[in-house]
Structure formats: structure tokens, C-alpha cells
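In what follows, a single structure is set out as C-alpha cells and then discussed.
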Amino acid sequence: NAGVMQNPRHLVRRRGQEARLRCSPMKGHSHVYWYRQLPEEGLKFMVYLQKENIIDESGMPKERFSAEFPKEGPSILRIQQVVRGDSAAYFCASSPRQSNQPQHFGDGTRLSIL
Amino acid sequence: DQQVKQNSPSLSVQEGRISILNCDYTNSMFDYFLWYKKYPAEGPTFLISISSIKDKNEDGRFTVFLNKSAKHLSLHIVPSQPGDSAVYFCAATYGNNRLAFGKGNQVVVIP
Numbered sequence: 459n460a461g462v463m464q465n466p467r468h469l470v471r472r473r474g475q476e477a478r479l480r481c482s483p484m485k486g487h488s489h490v491y492w493y494r495q496l497p498e499e500g501l502k503f504m505v506y507l508q509k510e511n512i513i514d515e516s517g518m519p520k521e522r523f524s525a526e527f528p529k530e531g532p533s534i535l536r537i538q539q540v541v542r543g544d545s546a547a548y549f550c551a552s553s554p555r556q557s558n559q560p561q562h563f564g565d566g567t568r569l570s571i572l
Numbered sequence: 007d008q009q010v011k012q013n014s015p016s017l018s019v020q021e022g023r024i025s026i027l028n029c030d031y032t033n034s035m036f037d038y039f040l041w042y043k044k045y046p047a048e049g050p051t052f053l054i055s056i057s058s059i060k061d062k063n064e065d066g067r068f069t070v071f072l073n074k075s076a077k078h079l080s081l082h083i084v085p086s087q088p089g090d091s092a093v094y095f096c097a098a099t100y101g102n103n104r105l106a107f108g109k110g111n112q113v114v115v116i117p
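Chains as they are written, first to last, in my numbering: chain A, 459 to 572; chain B, 7 to 117.
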């Protein structure tokens with residue numbers, strides 16, 4: 459399956475712990491996007507990255523959240539000192555280039571905070 | 007700030023009939039519009055898109071119509087099939103490919 463791969467599919471953390479979510483884009487795609495979906499809501503943009511560069515992080519909370527897309531390996535969304543409100547589905551998408559090309563999504567990571 | 011709005015959260019339609027989903031947007035800068043379908047516990051799947059320079063795009067059973075002056079687009083599915091039962095999201099973007107999503111419409115196709 460050459461689609462967008464996210465892991466883990468489910469992640470449970472206690473308040474104050476760290477959560478790391480991973481995303482491998484589709485083969486040939488160099489642009490990665492992270493979105494968050496709260497219950498009964500649409501997806502909300504968080505961050506847009508290319509290899510080794512953050513292009514747009516205007517949707518990221520100012521504190522505790524960070525993202526990277528290193529030269530080698532998957533993109534990582536990191537949430538430090540998680541709180542109950544971080545419980546959500548986090549989706550990663552990728553596209554081949556910046557111009558109008560549809561983004562293709564992974565199946566998401568469901569993060570639950572105890 | 008909800009830039010993309012989908013009203014009528016749910017829709018039930020008989021198998022074989024037409025499903026029509028509507029979407030309104032407020033940002034006149036949007037130049038590319040997409041529809042995604044989502045099953046529970048899965049990611050959104052791309053269905054069809056349309057550029058702002060067109061008013062219609064068709065792909066098999068799916069047709070998207072864009073009315074720029076009204077800032078409105080719609081998705082037509084005909085004929086509807088039971089496998090079409092899912093949540094449908096309208097999305098829009100400009101420039102940097104950052105997508106703005108609506109809240110989604112639940113479609114139930116009754117066999």
C-alpha cells in the first residue's frame with residue numbers, strides 16, 4: 459500500500475505525558491500537512507511542511523505543539539505535556555507539490571488523554 | 007472563523023436516486039475546491055475537485071458545480087449506492103494548499 463501511513467492508529471496518554479505521532483507521505487510526495495479533528499467538527503489545519511522546512515504553522519497552538527519533517531524518515535507531530543483537550547483525531551496528508559493537487563490523507567491517529 | 011459551511015448535517019436518500027450536497031464559502035480568495043468522503047475510523051478519501059476557472063467537473067457518478075458569484079458549490083451523486091453512505095466534507099484552498107474544511111454532511115443511502 460503506497461498510501462499515506464500514520465502510526466500509531468491509537469495512542470493513549472496520561473495528562474502531562476508526551477505524544478508523538480508519525481506520518482510517512484505517499485511515495486513521491488514531498489509536502490506534508492497535519493490536521494486535527496475534534497468530535498462533530500471538520501478537520502482543522504495545523505501545519506504544512508516540506509523536507510526540513512516548516513512552510514506554514516499558523517494553525518498550530520503556540521505552546522506544547524511542534525512538528526518536523528526531517529530529510530530522512532517520517533514527519534513527526536509532537537505534543538508535550540498533553541491535556542484532556544488534546545484528545546482528537548490527528549490526520550496527516552501529503553501532496554506532490556504546492557500547486558493545486560489534491561491532498562491524500564492517512565487514516566489518522568486517535569489520541570486519547572486519560 | 008468558519009470559512010466553509012455545510013448546512014443540513016444529514017441526508018437520507020433512496021438507492022438509485024440523486025444525492026445533492028451543498029457547500030458555501032466566504033473567502034473570495036479560494037481558487038480550488040474539493041470534496042472528500044470519509045468512513046468511520048478512516049481518513050478522508052479524495053473524490054473530486056474543481057478549479058475556480060470552471061463551473062462544472064464530472065467524474066463518473068460524481069459531479070461538482072461551482073457558482074463563484076454566489077460562493078456556492080454542490081456535489082451531485084447519481085445514482086446513489088449503499089456504499090456511498092459516509093460523511094462528505096467540502097474543502098477549499100488558495101495558494102499554499104492549506105485546506106479549509108466544512109463540518110461535513112452524513113449521507114445515508116437506503117437500499
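Even glycine gets a Cβ: it sits at the ideal position worked out from N, Cα and C.
- In the DSSP secondary-structure assignment, E526 of chain A is bridged to A:I534.
- The beta carbon of K109 of chain B sits closer than 7 Å to some beta carbon of chain A.
- Within the stretch 45-113 of chain B, the complete beta strand (DSSP E) segments of 3 residues or longer fall at 51-57, 62-65, 68-73, 78-83, 92-99, listed in chain order.
- Around the beta carbon of N13 of chain B, a 10 Å sphere encloses fewer than 16 other beta carbons of the protein chains shown; the residue is thus reported as exposed.
- Here I26 of chain B has S80, H82 as same chain residues with Cβ atoms under 7 Å from its own Cβ, once five neighbours each way along the sequence are excluded.
- Secondary structure of R471 of chain A (DSSP, three-state): strand.
- By the Cβ test, the stretch 565-572 of chain A is not in contact with the stretch 501-514 of chain A, since fewer than three Cβ pairs between them sit closer than 8 Å.
- The beta carbon of N465 of chain A does not come within 7 Å of any beta carbon belonging to chain B, so the residue lies off that interface.
- Y38 of chain B has a beta carbon lying within less than 7 Å of a beta carbon in chain A.
- Taking 8 Å as the Cβ-Cβ cut-off, the stretch 44-67 of chain B approaches chain A at A47, E48, G49, P50, T51, F52, S55, S57, given in chain order.
- Not a single CB atom of chain B sits nearer than 7 Å to the CB of E510 of chain A.
- Around L105 of chain B, the beta-carbon contacts reaching into chain A at under 9 Å are Y491, Y493, L501, F503, A551, Q561.
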